[in-house]
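Chemist: According to UniProt numbering, the sequence shown holds residues 1 to 326 in order.
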Amino acid sequence: MRIKEILVVVFCLLVTVPLFAQHNLKEKKYIFELDITKSMWGVGEPGSIDIFDQVRSQLIDAIETISDPSAEIVLVTWQDKIINTWHEMATTTGKKNLVEKLNAITVKNVPGQNTNIYNAWIEAKKHIDPAKINIAYLLTDGRHSVSNPPISKLYEEVPNWGTFAADKDAYVFVVELTAQAIDEKLRKQVEATDKVEFIHGIEFYTLFVDNTAPVVNIDENLQFDLKINKENLPSKYDNIKVSLNVNSDLFELVEKEVLLGQATKKVKLRMKKTKEDTKIALDEVSYLPIQLSIDENEYKHIKLVNPLINCKVVNKKERIFLFKEI
1 MRIKEILVVV FCLLVTVPLF AQHNLKEKKY IFELDITKSM WGVGEPGSID IFDQVRSQLI
61 DAIETISDPS AEIVLVTWQD KIINTWHEMA TTTGKKNLVE KLNAITVKNV PGQNTNIYNA
121 WIEAKKHIDP AKINIAYLLT DGRHSVSNPP ISKLYEEVPN WGTFAADKDA YVFVVELTAQ
181 AIDEKLRKQV EATDKVEFIH GIEFYTLFVD NTAPVVNIDE NLQFDLKINK ENLPSKYDNI
241 KVSLNVNSDL FELVEKEVLL GQATKKVKLR MKKTKEDTKI ALDEVSYLPI QLSIDENEYK
301 HIKLVNPLIN CKVVNKKERI FLFKEI
């Protein structure tokens, strides 16, 4: 009889390379809702200015730079009513079709309706897909100006987004294209509502953190690569500093800032106590929140969609089992 020793190394978790959140596995859906009331061409509304070509150019750039062909794009044009809705995948052909639709819009071929932000808001909700990461942009140059429904309905509806999106990856950005669009009451509601943000100005960009749940091991290197999808953000913004903040009795950040344009953005953690004391204080699996931010006073037109990272900290060594086969 021959005894054969088989050494089997069982990894409880594959943590040599950080694992990433389900965000990496979920497809994205972009919803662009464009106000095409005539005030976008400086017509009708007192104080309005002709910004349509600039806005269209920015929107085309946002569509053309979506790099994932599996992403879905919905383009909605609206006034009081929804005027048109187009669905395409972010393939070369799909993006080209949407650009053609945008280029065909002129002040002469749009109706003369007023601004119904409530209707556009409800329309955005209709397009949310719970299985995807949804990023909606509601672009307008004015305030809600129809009497049916009244603006009070909009004020009632906006705070509901937090509950609606609680179990979904669904984010909405209200893009105030001009000062005419500023509604202070609506702003306060947006600021108090989860997954809703304001962007002010014709130039608008969003940043998306792709790995919001990296994994580190207490017995390995306490670091991971931070992956931020910049989409159509021009290179002139590469020097934006992304601040990182950790509130923990056990860990601190080695560096509290990274540059957005860095090819590799390493997030390194350091133990505040001895390794032995840290291991005693930790469960086998713990989570360390890391908050990201940029200077929004300077970059009001740039928003981080998902600024919270939940870093999984594993407090468990590899297990080695020795089997004897007779």
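Think of the CB as a built atom: it goes at the ideal place given N, C-alpha and C, for glycine as much as any other residue.
How would you call T92, buried or exposed, if buried means at least 16 neighbouring beta carbons within 10 angstroms?
Modeler: Flag for T92 reads exposed.
Chemist: Quick one: measure Cβ to Cβ for T77 and T115, integer angstroms, because I've assumed they're closer than 8 Å.
Modeler: Not quite, the Cβ-Cβ distance comes to about 13 Å (not below 8 Å), so this is no contact.
Chemist: Between residue 327 and the rest of its own chain, which residues show a CB-CB distance below 7 Å, the 5 nearest in sequence each way excluded?
Modeler: In this structure the chain extends from 1 to 326, so residue 327 is not present and cannot be described.
Chemist: Assuming S286 contacts G261 under a Cβ cut-off of 8 Å, what Cβ separation, rounded to an integer in Å, is found between them?
Modeler: Actually they do not touch by this definition, with Cβ atoms about 32 Å apart.
Chemist: Can you list, in chain order, the residues of its chain with a C-beta nearer than 7 Å to that of R130? Leave out the 5 residues immediately preceding and following it.
Modeler: Residue identity check: residue 130 is Pro in the sequence provided, not Arg. Within the same chain, P130 has close Cβ partners K168.
Chemist: Quick check on the DSSP output: what are the complete alpha helix (DSSP H) runs of length 4 or more inside the stretch 170 to 209, in order along the chain?
Modeler: Qualifying alpha helix (DSSP H) stretches, in chain order: 184 to 191.
Chemist: Of the choices E296, Q180 and D68, whose alpha-carbon is the least far from that of E197?
Modeler: It is E296 whose Cα lies nearest to the Cα of E197.
Chemist: How many angstroms separate the CA atom of I49 from the CA atom of K38?
Modeler: Cα-Cα distance, rounded: 10 Å.
Chemist: Report the start-end ranges of each alpha helix (DSSP H) in the stretch 207 to 279 that is 4 residues or longer and not cut off at the edges.
Modeler: Within the stretch 207 to 279, no complete alpha helix (DSSP H) run reaches 4 residues.
Chemist: Mind checking whether N211 and A170 have CB atoms under 7 Å apart?
Modeler: Result no, Cβ atoms of N211 and A170 do not sit closer than 7 Å.
Chemist: If you run the structure through DSSP and keep just helix, strand and coil, what is D35?
Modeler: Here D35 sits in strand by DSSP.
Chemist: Can you list, in chain order, the residues of its chain whose CB lies under 6 Å from that of K147, leaving out five sequence neighbours each side?
Modeler: A small correction: the amino acid at residue 147 is Ser; Lys does not occupy that position in the sequence shown. The answer is none, since no qualifying residue turns up.
Chemist: Determine the DSSP secondary structure at A90, reduced to helix, strand or coil.
Modeler: Residue state, collapsed to three classes: coil.
Chemist: Contact defined as beta carbons within less than 8 Å: I believe K303 pairs with I199. What is the distance between those atoms, to the nearest angstrom?
Modeler: Correct: roughly 6 Å between the Cβ atoms.
Chemist: Using the Cα positions of A165 and E284, report the straight-line distance between them to the nearest angstrom.
Modeler: Near 31 Å, if we compare the C-alpha coordinates of E284 and A165.
Chemist: Check for me: the alpha helix (DSSP H) holding N306 runs from which residue to which?
Modeler: Segment: none, N306 is in no alpha helix (DSSP H) and carries neither H nor E.
Chemist: According to DSSP, what are the bridge partners of V285?
Modeler: BP columns for V285 point to V314.
Chemist: Along the chain, where does the alpha helix (DSSP H) containing N119 start, and where does it finish?
Modeler: Where N119 is concerned, the enclosing alpha helix (DSSP H) stretches over I117 to K126.
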